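Data first, discussion second: the structure below is written as structure tokens.
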Ligand code: CUA
């Protein structure tokens, strides 16, 4: 999760988020190079008196500063497209989780396993334990196995919500009447926090998501202890 003074992206917990961070750094590097070059040119403009008796046209420089930006854009566009299609790929998921957005909580269904379903509400500040995270902890966590392909189906019951977990690189809208699909692979155990990121009403800020990533045998235990 994000803690104090963390202004960048969170540490990744999935291969896709790792790729997203690589792409972010790559794009940022290109941005910095362009900013420095344009900044230098604009600064040097102050020392130019705009007079040159022989300058009437410049075919070559016009060619260069037209084509060069197009090539630079390709260096952003092609890796971006690669990531876009990578994010869309589904690899034989071993668990499917359905998340349903409500005003203002998430409910979950593990349809593969005896139809386990539960609601997940934020813990209000006055009921929070001393080691709890304010506005981020929930009463029922989403338990998921690590090192497994997980499919997520997202929908909503009332208005549009968005199921978003930064550390996993997941951000899917839950839309009434639609079923959106995504997938991820958690590569370490731990707690991963997320929030709704579609403005969905008065308590939009108070419907967080907590994923508890555990080894597969723990997940099996958890699943079977929930079979009533
Ligand atoms: Cu649900 Cu914002």
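Numbering (my numbering), first residue to last: 39 to 266.
Note that beta-carbon positions come from the ideal geometry of N, C-alpha and C, so glycine has one too.
Owing to the predicted nature of the structure, the values given are computational and were not obtained by experimental measurement.
By the Cβ neighbour-count rule, residue 168 is exposed, with fewer than 16 other Cβ atoms within 10 Å of its own.
Under DSSP, residue 146 shares a beta bridge with 137, 156. Considering only 129, 181, 44, 251, the residue with the shortest C-alpha distance to residue 151 is 181. In the DSSP assignment, residue 197 falls outside any alpha helix (DSSP H) and carries neither an H nor an E. Within the same chain, no Cβ atom closer than 6 Å to the Cβ of residue 115 is found once the five residues on either side in sequence are excluded. Inter-residue distance for residue 259 and residue 153 is about 16 Å (C-alpha atoms, whole angstroms). Relative to ligand 1, the nearest heavy atom lies less than 7 Å away from the CB of residue 245. Residue burial annotation: residue 142 is buried, with at least 16 other C-beta atoms found within 10 angstroms of its C-beta. Scanning its chain for C-beta atoms nearer than 6 Å, with the 5 sequence neighbours on each side dropped, one finds around residue 175 the residues 161, in chain order. Approximately 7 Å separates the beta-carbon atoms of residue 223 and residue 188; this is inside 8 Å, confirming the contact.
The continuous alpha helix (DSSP H) containing residue 97 extends over residues 97-126. Taking C-beta separations shorter than 7 Å and ignoring five residues to either side along the sequence, the partners of residue 55 in its chain run 205, 206, 207, following chain order.
By the neighbour-count definition (other C-beta atoms within 10 Å, threshold 16), residue 95 is an exposed residue.
Residue 234 is bridged by DSSP to 201. Between ligand 1 and residue 237, a heavy atom-to-CB distance of less than 7 Å is present. Excluding the 5 residues flanking it on each side, residue 68 has same chain C-beta neighbours closer than 8 Å at 110, 113, 114, in chain order. In the DSSP assignment, the residues bridged to residue 208 are 203.
The beta carbons of residue 190 and residue 220 sit closer together than 8 Å. Here residue 123 is exposed, its C-beta having fewer than 16 other C-beta atoms within 10 Å. A direct Cα-to-Cα measurement between residue 48 and residue 77 gives close to 30 Å. Counting along the chain, no beta strand (DSSP E) covers residue 48, and no H or E run does either.
Take residue 192, set aside five residues on each side of it, and the residues of its chain with a beta-carbon closer than 6 Å to its own are 137, 201, 210, 212, 218, in chain order. Residue 129 has no beta-bridge partner at all, per DSSP.
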